[in-house]
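Heads up: the protein sequence lines correspond to chains A and B, in order. Residues 1 to 174 in our numbering are what the first sequence spells out, letter by letter. Residues 1001 to 1174 in our numbering are what the second sequence spells out, letter by letter.
Protein chains: 2
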Amino acid sequence: MNIDRRSGCPINLSLEVFGDRWSLIILRDIIFGGRRHFRELLNGSMEGIASNILADRLKRLMELSMLTKADDPSHKQKAIYSLTEMAITLVPILAHLGAWGRVWLPVSEELSIRAELLEKGGPPMWDKFMNELRHEHLGASPAPSGPTVRATLQAAYDAVIARNAERVGCDPAP
Amino acid sequence: MNIDRRSGCPINLSLEVFGDRWSLIILRDIIFGGRRHFRELLNGSMEGIASNILADRLKRLMELSMLTKADDPSHKQKAIYSLTEMAITLVPILAHLGAWGRVWLPVSEELSIRAELLEKGGPPMWDKFMNELRHEHLGASPAPSGPTVRATLQAAYDAVIARNAERVGCDPAP
DNA sequence: TGCAACCGATTGCAAATTGCAATCAGATTC
DNA sequence: GAATCTGATTGCAATTTGCAATCGGTTGCA
């Protein structure tokens, strides 16, 4: 599955990179979910990706220089997938996409709280997040200070989940 | 071809709307190319879409409320496709997508000049363009004043074409 | 009036893609 | 040394895609 190069139009070429049903979902899980291993991506995927498709897309995204793969020193079979700068700069696009979907599509509350926060945070928050990703995936020098953007988003997600569980009486212990 | 609703995640749902190889290309041609008829979209498409796929996607985009169809009073068989507000608000996403593609992908000069201008114009230009689209497609009241954004982009494109034609000695008349 | 060109599609068909289930061999854990 | 976990691969049926040909109706022109 290569780039067809149907035309040199930037929008067309962008679509040829991630204009399918899975590539951007995988990148989303790596970026926002912090997943780095095959199994994490396979089992953690909300949408239930099949293992052969995951393998194919990871390979394709590596060929396109969106991802790199490295050995995990702690486990000789494990591979660690890392974002490239090319993929990290998708953050503003993902933020816009999330914001658009939140307005026009039947999103669920839990899963859109992250998009809402990211939208409210605006470009400064996106920049901070991209720098954190650079540190995490590219080994860029400045370690993030204070709570990370991902942790902030995750905490908001967890809070919504907890609140909704309480509301329907799913509190574990009386 | 309906929305699967694999999950309520905004990014996933957005992808289910236009995460294929053609939907966004069609919207691009309507938005930036000003095309409104089936044949215009079919023949004007840089990427060479097939008529059955175009028909299918137009139908799908109408079901998703991204487009509406109306009779052309001047031709009983002609249909005019119009953008909905939902589709018009994709402009910032298309602008980002174009900007990203221009940085990371092997775009051609002619086809990326529009993306470059749109990027430089920033949100104010996008807003102006969206208002023009609202006038054109939704009959919104304020007619655009001065040169339209689309005309500006088109002129820049034509200028690049002309300059390159001259450079390789393709000037029509001596 | 005749006719070619054009209108938005539709159909048939081969090829590619998708998604599911089962399976793999090596590494690690218990 | 058995069970589990690792990143995949394979076989297969169903769906989707893209191409070419074609459709019935409309229009413009001679």
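For glycine and all other residues, C-beta sits at the position ideal for the given N, C-alpha and C.
By the criterion of a C-beta distance shorter than 7 Å, L1111 of chain B is surrounded by no residue of its chain, once the five residues flanking it on both sides are discounted. DSSP, reduced to helix, strand and coil, places T89 of chain A outside both helices and strands of the structure shown, so it counts as coil.
As summarised for the stretch 54-83 of chain A, the continuous beta strand (DSSP E) elements at least 3 residues long and confined to that stretch are 67-72 and 75-83, given in chain order.
At a C-beta separation below 8 Å, P106 of chain A has these neighbours in chain B: R1005, G1008 and L1013. If the five residues before and after R35 of chain A are omitted, its C-beta is found closer than 7 Å to the C-beta atoms of D29, L41 and G44, all from its own chain and listed in chain order. Against chain A, the beta carbon of M1046 of chain B has neighbours under 8 Å at R6, S7, C9 and N12, listed in chain order.
The alpha carbon of Q77 of chain A has as its nearest neighbour, out of A:L94, A:F38 and A:A50, the alpha carbon of A:F38. At a cut-off of 8 Å between beta carbons, T1068 of chain B makes no contact with chain A. Against chain A, a Cβ distance below 8 Å from S1112 of chain B picks out G8, C9 and P10. Across the structure, N1012 of chain B and I25 of chain A are spaced so that their CA atoms are roughly 7 Å apart.
In this structure, DSSP gives R1006 of chain B a state outside helix and strand, which the three-state scheme calls coil.
Sorting B:N1052, B:L1083, B:S1074 and B:P1123 by C-alpha distance to the C-alpha of L1064 of chain B places B:L1083 at the top. For L118 of chain A, the secondary structure class from DSSP, reduced to helix, strand or coil, is helix. Closest option to M1086 of chain B, judged by alpha-carbon separation, among B:L1027, B:K1128, B:Q1154 and B:A1156: B:L1027.
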